[in-house]
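As structure tokens, the structure follows; a few thoughts come after it.
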Amino acid sequence: MKQLLEGNHAVSMGVLRSRVQVIPAYPITPQTHISELLAQFASDGTMDARYIKVESEHSAMAACIGAATAGARTFTATSSQGLALMHELLHWAAGGRLPIVMACVNRTLGAPWNIWNDQSDSMSQRDTGWLQFYCEDNQDCVDSVLLAYAVAERVFTPAMIILDAFILSHTTEAVDVPDEMTADRFLPPLNNPHAIDLDSPRAFSPVVAPDHFTEVKYRQFDAARRALTVIDEENRRFKEIFGRSYSSIETYRTDGAETIIAACGAVCGTIRAAVDRLREEKTPVGMLKVRTFRPFPSELITDAVSGVSTVFVLDKSVIPGQGGPLAQEIRAALYDANKRPRVIGAVAGLGGRDITVDLICEAIRGLEKTKDTPQPFFLGMKK
Amino acid sequence: MTTKITLTQIDQYPEVPSSWGGMEWNKTGSWRFLMPVFSPRPSPCSRECPLQNNIPEMMALLADGDTAGATLALALENPFPAVLGRVCPAFCTEACNRDRFDERVSIRAVERLLGNEALKKHPDLPKRKATGKSVAIVGSGPAGLSTARFLALLGYAVTVFEREEAPGGVLRLGIPPYRLPRDILDSCIDAIRRLGVDIRTGVSIGTDIILTDLEKDFDAVFAAPGAHRSLDVDLGGYTGIGVLSGLSFLADVFRGTIDSVTGEYAVIGGGNTALDAARTILRLGGSPHIYYRRSRDEMPAFTDEIEEAREEDIPISYLTAPVGLTEKKGRLAMTLITMELGEEDASGRRRPVQISGSEREVCVDRVITAVGEAEDFSFMGTDGDKKDPVSILDAEGVLLGGDAGGGRRTVADAAAAGKRAAIMIDARLSGRPAPEATERMTFSRWLEERPAPEGDPVAFEDIQTAYFKKSDAYRLQKTDPHMRSGDFSEVTAGPTERDAAAEAARCFVCGTCIDCKTCERFCPDFSLSIIRNLKARGVGSSVRVDEDFCKGCGICARECPRGVIVMKTP
Ligand code: SF4
Ligand code: SF4
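Chains as they are written, first to last, in this note's numbering: chain P, 110 to 492; chain W, 247 to 816.
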């Protein structure tokens with residue numbers, strides 16, 4: 110049965126259905142609704158979970174690490190500066206191989222101060238070793254929680270599900286929340302073989318000297334790489350049970366396309382509409398949605414764009430001195446391809462500025478003119 | 247225990263970074279540039295106590311329900327805690343670290359309860375076997391009794407000579423029973439007698455027996471003659487009747503020679519004797535009025551006494567001094583002058599200066615003078631009148647102590663001087679090297695031949711206050727001022743055992759390890775092990791640091807609630 114849910118509450122419902130046991134969280138706009146609803150679930154008995162109030166996001170992640178090490182299914186949510194504050198412990202959770210799931214509600218990073226949406230917070234944590242899944246709509250938000258646990262708990266790597274602030278987090282859509290039994294069938298209780306076992310005492314994440322460190326890191330690297338296959342397998346299982354599918358990349362109307370617009374997150378919905386309009390105008394465009402950003406599905410992307418002349422990458426964050434992170438990754442992936450399309454990097458939607466269908470259409474119509482402008486170019490910026 | 251695990255292939259590595267092998271191979275001690283050193287230290291209260299009472303230990307034991315252990319810990323250093331728990335100005339509490347947290351611990355109230363316990367239960371004090379040597383003591387005041395008591399514990403045959411009919415010196419003839427009930431005093435003296443001390447009263451050294459005879463008959467002599475001679479006040483040359491010294495007035499009352507008074511009494515002075523005289527006059531039916539030439543701030547009497555006199559509505563005129571006295575129709579006309587405070591004098595107090603033209607006259611029936619007391623060397627016979635009797639005693643090897651021995655004149659200081667004299671005499675007679683004059687030697691350390699603890703007393707900054715809850719200090723109950731001023735019943739009621747234990751539980755136990763295990767729990771390298779002191783509830787435990795693994799992070803020193811661990815450069 111469908112319910113009207115904002116994106117944040119869709120995440121909370123996903124957490125409920127995942128039967129999470131420990132939730133350490135610290136409030137921050139625009140994430141707060143997620144943890145508020147979970148706190149309520151934990152206190153009124155809807156969930157058999159321990160909600161831990163902490164004094165900072167750093168502590169929230171520290172508590173997640175403790176709970177996950179003990180073998181509990183663990184969740185937290187944060188945004189922006191809160192995520193930045195966790196940075197050190199994100200590495201620790203990933204290095205410790207703890208299958209924690211966290212929702213990051215995308216909000217830009219200061220300074221200057223701004224509470225609106227872009228993807229600079231999650232993108233700035235892309236190298237911490239966490240899996241990253243960008244959601245397109247509220248249904249995606251519920252389902253991604255379940256999928257994230259399914260993958261994370263197989264590869265012992267934490268996963269971040271990412272949803273755009275306000276566009277998803279505070280916007281209501283009709284969402285199909287899986288019923289308990291079906292959800293349990295997809296995601297059985299966690300039985301982590303690497304959790305603390307009093308009968309077999311161990312030192313967790315101890316000092317590892319140079320003679321072993323490389324091997325330990327290699328195992329982590331290998332697990333993250335294997336995750337792509339596991340994501341695929343779990344997605345297929347998910348589709349069998351729920352009928353919905355979330356592959357690492359998704360294409361839209363790419364048949365015969367000369368230009369492909371690539372992006373992550375909710376903006377893909379807008380791009381779909383722009384593609385439709387441009388196709389009506391007989392402009393041969395399609396869309397590439399990158400859902401799994403970590404591990405980066407290089408091969409899938411190379412295959413998807415082979416044969417087109419241009420990949421127009423729309424980044425909702427910018428790395429000063431470099432460009433958009435998605436454009437950077439796609440360029441790197443294409444370097445080894447036989448046929449390398451031209452990659453144009455655009456940056457838009459910073460700090461909550463709307464990306465409209467018109468804006469995208471105009472950009473594509475004027476593509477030839479932008480060929481020689483320095484990249485990335487800032488779409489819709491005042492002259 | 248370390249398990250050796252050999253990893254040669256990537257798939258031998260565990261999926262998650264964890265080790266069954268232990269971390270002993272990683273000798274984190276090599277990172278250290280500071281070392282935690284277990285450093286039990288004096289508490290500020292013990293340091294300020296003239297007797298060096300082991301306050302932290304007694305508090306820890308009492309708080310833990312071991313009243314008997316606490317009593318013993320106290321009685322080891324304190325010859326009569328029931329007396330000092332009542333009359334001491336509590337130098338300890340003045341220094342209490344809890345002051346900067348909430349309120350100082352009411353140490354004296356706890357001491358009083360334990361003092362009463364000691365009288366009831368007689369703690370089993372360590373006693374050396376008889377040495378076969380004898381010591382004579384002149385005077386049975388607090389110094390004399392204290393020396394006698396500690397010497398008896400050290401195995402000496404002790405004889406105390408007292409010229410009064412009853413022992414106690416200033417405790418009996420100077421301090422009023424409303425501050426020190428006589429049954430308590432008698433029990434304290436009995437307890438000392440029970441140790442084998444022979445107290446001979448009504449024997450006046452210098453008259454009945456001469457000092458040189460004592461020196462011949464005993465292996466050592468200690469003299470604590472006290473300071474019984476009142477200093478004179480210049481009353482404009484008046485030499486007639488109606489003027490009494492405060493000390494002799496009080497002695498007459500407590501001997502029973504005076505049992506009631508009438509009329510108006512001018513009491514001159516601002517020390518305890520003046521206050522005691524005034525409050526005694528009030529209780530005997532007279533009307534006292536105190537005149538003091540400085541202001542309240544300079545008054546040498548204990549704060550409690552001033553406070554209680556005020557509650558009893560005894561008038562005190564500050565910055566007022568008598569300059570003349572004449573007989574007038576069977577009464578006394580006293581000329582008073584107003585003073586103002588000028589430059590500081592040698593005592594550091596501001597010198598009172600007369601304001602000319604401010605003279606006025608009051609009519610009284612009696613004048614009591616109490617402006618200070620001088621030592622009494624009459625026990626030396628004619629030698630006592632010589633210029634420097636102290637060096638004569640020195641030359642003869644007679645130890646001098648108590649109020650006559652110099653220094654601050656309080657019962658606690660006298661008792662401490664007595665303890666020190668006992669140690670000095672034992673050193674001399676047993677051939678052991680005597681402690682340095684500056685060393686704060688305690689009786690238990692002397693007995694057990696332990697060295698003094700090193701270091702400065704624990705400061706408030708050394709206390710980890712996160713482990714303590716704020717609470718109010720225990721306050722003594724006082725009887726109604728108008729009821730109590732009609733007789734000599736005790737002004738204050740002491741705490742119950744429960745009150746005292748609750749107050750003891752407020753003590754931080756500064757500088758003494760009590761096996762709380764905080765350090766052991768916090769050490770990230772499991773480098774600390776506590777060696778529990780089995781003697782009594784872990785009080786006095788010690789901590790061992792494993793140098794192989796302690797990386798010198800200092801968490802233990804930071805977390806120890808009572809400042810027992812100190813970081814030092816190795
Ligand atoms: S807290 Fe206890 S040990 Fe510390 S100074 Fe006060 S009474 Fe003494
Ligand atoms: S923390 Fe406790 S056990 Fe450790 S030294 Fe201090 S008092 Fe002793």
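We treat Cβ as the ideally placed atom computed from N, Cα and C, and that holds for glycine.
Query raised in the report: Mind listing which residues of the region 267-284 of chain W have their C-beta closer than 9 Å to chain P's C-betas, in chain order?
Result: G267, G268, M269, W271, N272, T274
Query raised in the report: Taking buried to mean at least 16 other C-beta atoms within 10 Å of its own C-beta, is W/M850 buried or exposed?
Result: The question about residue 850 of chain W has no answer, for chain W in this structure spans 247 to 816.
Query - Segments assigned alpha helix (DSSP H), at least 4 residues, entirely inside the region 713-756 of chain W - result: 727-730, 743-750
Report task. Flag W/I811 as yes when its Cβ comes closer than 6 Å to any non-hydrogen atom of ligand 2, and as no otherwise. Result -> yes
Requested in this report: May I ask you to list the residues that DSSP assigns as paired with P/Q112?
Outcome: P/V284
Query - Any non-hydrogen atom of ligand 2 closer than 6 Å to W/V791 Cβ - result: no
Report task. Taking the CB atoms as reference points, tell me whether W/P807 and W/R287 lie closer together than 7 Å. Result -> no
Requested in this report: Determine which residues of the region 314-337 of chain P have a Cβ less than 7 Å from any Cβ of chain W, and write them out in chain order.
Outcome: S314, P315, V316, V317, H321, E324, V325, Y327, R328
Query - beta strand (DSSP E) segment containing P/I473, residue limits - result: Run containing P/I473: none in the beta strand (DSSP E); it sits in the alpha helix (DSSP H), 466-474.
Query raised in the report: Does ligand 1 have even one heavy atom less than 6 Å from the beta-carbon of W/F337?
Result: no
Query raised in the report: DSSP beta-bridge partners for W/N779?
Result: In DSSP, W/N779 forms no bridge with anything.
Query raised in the report: CA-CA distance, W/A705 and W/C759?
Result: 15 Å
Query raised in the report: Candidates W/L400, W/P427, W/M585, W/E461: which alpha carbon is nearest W/V443's?
Result: W/L400
Requested in this report: May I have the straight-line CA-CA distance separating W/P260 from W/A747, to the nearest angstrom?
Outcome: 55 Å
Query raised in the report: Given that a residue counts as buried once 16 or more other Cβ atoms are within 10 Å of its Cβ, and exposed if not, what is W/C769?
Result: buried
Requested in this report: Verify the CB distance criterion: does P/H303 have a CB-CB separation below 7 Å to chain W?
Outcome: yes
Query - P/R440, DSSP secondary structure in three states - result: helix
Report task. May I have the straight-line CA-CA distance separating P/R403 from P/A193, to the nearest angstrom? Result -> 18 Å
**Report entry** Proximity test, W/T764 beta-carbon vs ligand 2 heavy atom, cut-off 6 Å
**Finding:** yes
Report task. Hey, could you find the ends of the beta strand (DSSP E) W/S380 is sitting in? Result -> 380-384
Query raised in the report: For W/I487, is the classification buried or exposed, using 16 other Cβ atoms within 10 angstroms of its Cβ as the cut-off for buried?
Result: exposed
Query raised in the report: Run through DSSP, which three-state label would P/V452 get?
Result: strand
Query - Local conformation of W/D543 per DSSP, three classes - result: helix
Query raised in the report: Helix or strand or just coil, what does DSSP make of W/M247?
Result: Per-residue confidence for W/M247 stands at a pLDDT of 47, beneath the threshold of 50, marking its modelled position as unreliable; no derived number is given.
Query raised in the report: In whole angstroms, what is the alpha-carbon distance linking P/R501 and P/M490?
Result: The structure shown does not extend to residue 501 of chain P, since chain P is modelled only from 110 through 492, so no value can be given for it.
Query raised in the report: For chain W, is any of its Cβ atoms less than 7 Å away from the one on P/R182?
Result: no
Query raised in the report: Going by the beta-carbon positions, is the gap between W/A328 and W/N362 smaller than 7 Å?
Result: yes
Requested in this report: Output, in chain order, the set of chain P residues within a Cβ distance shorter than 7 Å of W/E682.
Outcome: Correct list: empty, because the minimum Cβ distance to chain P is about 50 Å.
Report task. Could you name each continuous alpha helix (DSSP H) segment of 4 residues or more that falls completely within the region 328-378 of chain W, going from the start of the chain to the end? Result -> 337-340, 353-367
Query raised in the report: What are the boundary residues of the alpha helix (DSSP H) that includes P/Y327?
Result: 319-351
Query raised in the report: Straight-line CA distance for P/R311 to P/A304?
Result: 10 Å
Query raised in the report: Can the beta-carbon of W/V617 be found less than 7 Å from the beta-carbon of W/L477?
Result: yes
Requested in this report: Could you have a look at P/N215 and say whether DSSP puts it in helix, strand or coil?
Outcome: strand
**Report entry** Whole-angstrom distance between W/G268 and W/M247, CA atom to CA atom
**Finding:** Because the pLDDT of W/M247 is 47, which lies under 50, any placement of that residue in the model is unreliable, and the question is left without a value.
Query raised in the report: What does P/R311 reach in chain W if we use C-beta pairs closer than 8 Å?
Result: S264, S265, W266
Query raised in the report: Quick check: the region 397-414 of chain W against the region 361-381 of chain W, are there 3 or more CB pairs under 8 Å?
Result: yes
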